[in-house]
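One structure is given below, encoded as structure tokens.
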Amino acid sequence: MPPQEMGDENGEITEGMTDEAKDKSVAATEALNDGELQKAVDLFTGTIKLNPCLAIPYAKRASVFIKLQKPNAVI
Numbered sequence: 001m002p003p004q005e006m007g008d009e010n011g012e013i014t015e016g017m018t019d020e021a022k023d024k025s026v027a028a029t030e031a032l033n034d035g036e037l038q039k040a041v042d043l044f045t046g047t048i049k050l051n052p053c054l055a056i057p058y059a060k061r062a063s064v065f066i067k068l069q070k071p072n073a074v075i
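Sequential numbering of the sequence shown, starting at 1, is according to the UniProt record's numbering.
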């Protein structure tokens, strides 16, 4: 499995990016609650790409990969 997208941790994060990341995180959590696991992964990845300095989206994406039985994707 290829490495997961992480975003640029040294890049500038604007207020708009922070707001969009929050929206994606909420949508990802809703997808997870609805059992749409791949959609949740994609949305958490989008959150991470927008604001790679937040730890929680990484942890939540990892938990979804575990549910998808893809533990190597977490590493």
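Yeah, the Cβ is synthetic: ideal placement off N, Cα and C, and Gly gets one too. Computed from a predicted model, the values in this text were never measured in an experiment.
> By DSSP, does P71 sit in helix, in strand, or in coil?
Replying inline: It is helical.
> Where does P52 land, buried or exposed, given buried means 16+ other C-beta within 10 angstroms?
Replying inline: Around the beta carbon of P52, a 10 Å sphere encloses 16 or more other beta carbons of the protein chains shown; the residue is thus reported as buried.
>> Can you tell me whether I13 is helix, strand or coil according to DSSP?
In response: Three-state DSSP puts I13 in coil, outside helix and strand.
>> Just to confirm the assignment, what range does the alpha helix (DSSP H) spanning D42 have?
In response: Note, D42: alpha helix (DSSP H), L37 to L50.
> So, helix, strand or coil for A30, using DSSP?
Replying inline: Sequence inspection shows Glu at residue 30; the Ala mentioned does not correspond to that position. When DSSP states are grouped into helix, strand and coil, E30 belongs to the helix group.
> How many Å lie between T29 and I13 at the Cα?
Replying inline: The alpha-carbon atoms of T29 and I13 are separated by roughly 22 Å.
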